[in-house]
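Read the structure below first, then the notes.
Chains as they are written, first to last, in my numbering: chain A, 30 to 274; chain B, 193 to 412; chain C, -6 to 457.
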């Protein structure tokens, strides 16, 4: 019996504006494993950056719109742990209108991060393909500590037969992005990303894989500015490339 | 309105808003974590000995009061010292005669009053004391403040503590369960010699209290 | 040293340039984490202890008025005098009153952040009472006229050279930087004080409700010497520091030392249940407990933030915090620092003085993971950020920006247009979009000229 997995895309604002490739590659990989993709027109943002800056009243209409838009989909998938954590956990901190409370709960049970969806829902953790390089993996904080997702990305990485996967020291050490933290406390944020980049370098990996574009953007920014050798790659990009999609 | 009333009122008002944490098991719920394991005597002794060493304490054993007195006398002479302050109690009493006979002058703090007492005990290098009860899984000595002088337990640099094997309990849960409520209200628990790591996290023994703690386990 | 929480940005900038402090903090926190990890790994009941601890604290805090009243009754029955202090000034005045009544000239103190919170030392010293910190780290920090930089390791930011220097300068001893020699100096100086002091002041780690006793834990023996020798003992206790019973006390006696210093037990556990001198001829004739509110009952009013009162002051969250690891404790500007400090600063000091504290975090969650009481610190920081915003303490520019963003987020066409502009603009700049601060050390990505939606639709078209 073939179950058609229908996936509604949740495209993080960073993917929309800065790094569409990770989200596009996610689409390609999901299609490759047999999911049907739907792009919900008119989607904008889940509200996380404003919420993290302490704004709640302002984002309620944004959150309500998001809930209305997505809560009747079978599954919603995003290439980002922090966006999913926002909807799955922090939407419950918002005083949305009572009529949407049921929908909010329903939505929380149907929204997934990409690697979580692939491994836990679709049961696919070894996609094969080829990527004969040394890679390491950065555990994004919301993905790892809010959602508990750390085994799934690693399974997917190890599922590429010719990949050489090395753990860096303290893979779950925060990269220092923290959204607006990165410019409110920019020197501190830089000190943190510098430390992360040194750990990446020490691991000997050519690529640092991650599942959140915000972290990767932060890390890539430092690596490039300081002429370091490693490059970042979103896990969707890694899988797409390894499968030749 | 006095401070007490104001504070309690402030608290009552604050608590009018109920918590929205999910319900959790009431702490009275029995759980494995608070259980008292059934341990045999030898196992308790082994645990106590290993833990004592792990906390940089020292451990000796004696099958009789005579053997204990001999070993303790040797420790005192090695210190080097010719005298020791002593706590009260049956275990100390059992070794006192032999110690005195062996030339160790024993000073009972209770024979002195006020400042004279603490100043005298502070000058004596070695204290010989007893713990009525001890916790095996952490090598913790439990001494109730039951009217005995406590100064020999913490003023000397070297403290030799007598412990009876049959007074060993498995863990702290058992300790507090067995101790009468009145006794456990005033208590000193000692686990190893005093220490500090306040300078660069470097561990140094003998901060403001004893530098050496020797447990002498009495098997009889 | 007078630090202010509102100056935290300046302190952070300064700390980031101080390699000596950063090195000391890095080494010390890594050491503490490793030692803790060892003990947690061998305890099969660790997670259960955490749950029990949380449930016990919650039970106490959610009926705090009843529990305090019971505790007071039990303490009184044990012969202790119980005082209630609404705020720092009242607490100071109570302690001074006790000191004056008893002709106290010298006080020895065991480490108590609660007494730091109420600025007790300076107050007593100004009143002519010699007040000496006796915990080695606190003793050093007091000589330097600083506040502690960690909840359990006050001198964590210092090296042996720093200690050697201040001992040489302030104590008139020959310079040495050998740690054992430095300790010997402090031991000798303080021993005479312990034996001569009129009053000992301590904090309280755990007040046992059903028995009316104050538990003080320590490693150096300085607390024993402070509470068990002078004729008067004053214990200053935050009203949240209660635990229900002796049955549950071992849970806390395990959670605290493992989390703080990687020990199964602290060397000393002092259970104080009343004056001893009439019984044994030594120890205190009087034991006073000062119950301190100073804002705690206000914190209680928020049903979510109430959880921040569960803190047992172990310092594990500091050790694991990637921000604390970079800048140390003085950067926060208050006696409670690190992740838990960031939640307490705006609650105790207000949203104006504490307007930056909840933002001094990347919300990584390492603190919640390590906290023995499972306090959900990131969640509380988010709530406090909201409080700061609601109090009008966020920057006008930001508020305007958020309003614009919220508008765009409800109007998808305009939302996409809004990013079309920076995309075009950056082409003119021939480089990355400027974002001062952020991009000083990081190359900024370019805005994609098409955006996801367009590319996705192209992909769809091409695949047909």
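Backbone N, C-alpha and C define an ideal beta-carbon position, used for all residues, glycine too.
Here the structure is a predicted model, which is why all the values come from computation and not from measurement.
For residue 86 of chain A and residue 303 of chain C, the rounded distance between their alpha carbons: 29 angstroms
Proximity test, Cβ basis, 9 angstroms: residue 179 of chain A and chain C: no
Reduced DSSP category for residue 142 of chain A - H, G, I as helix; E, B as strand; rest coil: strand
Neighbour flag for residue 204 of chain C against chain B, beta carbons, 9 angstroms: yes
Assigned secondary structure, residue 425 of chain C (DSSP; H/G/I helix, E/B strand, else coil): Residue confidence for residue 425 of chain C is low, a pLDDT of 49 falling below 50, so the modelled location carries little weight; the figure read from the coordinates is stated next. Looking at residue 425 of chain C - three-state DSSP - the assignment turns out to be coil, as it is neither helix nor strand.
Distance cut-off 8 angstroms: residue 33 of chain A Cβ against heavy atoms of the ligand ATP: What this structure holds is no ligand at all, so the ligand ATP is not there to describe.
C-alpha distance - residue 155 of chain C paired with residue 395 of chain B, whole-angstrom precision: 18 angstroms
Complete runs of the beta strand (DSSP E) confined to the region 107 to 180 of chain A [at least 3 residues]: 140 to 142 and 163 to 166
Straight-line Cα distance separating residue 456 of chain C from residue 66 of chain A: 13 angstroms
Stretch-stretch touch, CB-based, cutoff 8 angstroms, three pairs: the region 328 to 348 of chain C with the region 89 to 101 of chain C: no
Cβ neighbour criterion (16 or more within 10 Å) applied to residue 255 of chain A: exposed
Per-residue DSSP class, three states only, for residue 212 of chain C: coil
Residue environment, residue 342 of chain B, which counts as buried when at least 16 other CB atoms sit within 10 Å: buried
Proximal residues to residue 406 of chain B (C-beta, below 8 angstroms), its chain only, five neighbours per side dropped: 249, 250, 251, 252, 267, 350, 351, 352 and 353
Cutoff 9 angstroms: residue 221 of chain C Cβ touching any chain B Cβ: yes
Beta carbon of residue 247 of chain C nearer than 9 angstroms to that of residue 200 of chain C: no
Residues of its chain near residue 255 of chain B, where Cβ-Cβ distance is below 7 angstroms and the 5 sequence neighbours each way are ignored: 411 and 412
Terminal residues of the beta strand (DSSP E) in which residue 237 of chain A lies: 236 to 239
Residue 365 of chain C beta carbon less than 9 angstroms from that of residue 204 of chain C: no
N- and C-terminal bounds of the beta strand (DSSP E) containing residue 408 of chain B: 404 to 410
Any chain C beta carbon closer than 9 angstroms to residue 88 of chain A: yes
For residue 376 of chain C, the three-state DSSP class (helix, strand or coil): helix
Cutoff 8 angstroms; reference residue 398 of chain B; Cβ partners in own chain excluding five residues on either side: 349, 385, 386, 387 and 404
Neighbour flag for residue 353 of chain C against chain A, beta carbons, 9 angstroms: yes
9 angstroms Cβ cutoff, residue 375 of chain C in contact with chain A: yes
CB contact check: residue 252 of chain C to chain A, cutoff 9 angstroms: no
Residues that residue 303 of chain B contacts on chain C, provided the C-beta gap is smaller than 7 angstroms: Under the 7 angstroms cutoff, chain C gives no residues; its nearest Cβ is about 10 angstroms from residue 303 of chain B.
8 angstroms Cβ cut-off: residues of chain C touching residue 56 of chain A: 449 and 452
Sheet register partners of residue 74 of chain C (DSSP bridge): C:281
The region 159 to 177 of chain C contacting the region 338 to 351 of chain C, beta-carbon criterion three pairs below 8 angstroms: no
Beta carbon proximity, residue 109 of chain A to chain C, threshold 9 angstroms: no
Whole runs of the alpha helix (DSSP H) within the region 140 to 211 of chain C, excluding any shorter than 4 residues: 153 to 164 and 172 to 189
Within chain B, partners of residue 273 of chain C - CB distance below 9 angstroms: 302, 337, 338, 339, 340, 341 and 342
Option nearest residue 293 of chain B by Cα separation, candidates B:258, B:330 and B:216: B:258
Pair within 9 angstroms by beta-carbon distance, residue 96 of chain A and residue 37 of chain A: no
With 16 other Cβ atoms within 10 Å as the buried cut-off, status of residue 49 of chain A: buried
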